[in-house]
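Inspection log for the structure reproduced underneath, given as structure tokens.
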Amino acid sequence: MRQVQNKLENEISILRRLIDRYKRCSDSESICMVLAYEYGLQVLLEIHEMSKQKEAMLF
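Residues 1 to 59 (full-length UniProt numbering) are what the sequence shown spells out, left to right.
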């Protein structure tokens, strides 16, 4: 289960860096990328939180 959380944390970190990168750009394509990455980040954060809750229930 820890491997899953590590993978999620790595992907969350990557998305946060991508969001920061594209927020510095001002073209319309970058704005779309930020929206898409923010949506993906929100989904990963929810999954990460659920996996932590499930792990806590196992103990």
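Every residue gets a Cβ at the ideal spot worked out from N, C-alpha and C, and that includes glycine. Predicted, not measured: the structure shown is a model, and the values here were computed from it.
The Cβ atoms of Leu15 and Leu41 sit closer than 7 Å to each other. Rounded to whole angstroms, the Cβ separation of Gln3 and Ser51 is 11 Å, and the two are not in contact under 8 Å. With 16 or more other CB atoms across the displayed protein chains lying within 10 angstroms of its CB, Tyr22 is buried. Contact between His48 and Ile19 is absent: CB atoms are separated by about 16 Å, not below the 8 Å threshold.
Counted as a single uninterrupted DSSP element, the alpha helix (DSSP H) harbouring Ser13 occupies residues 2 to 23.
Contact annotation: Met1 and Glu55 have beta-carbon atoms nearer than 7 Å.
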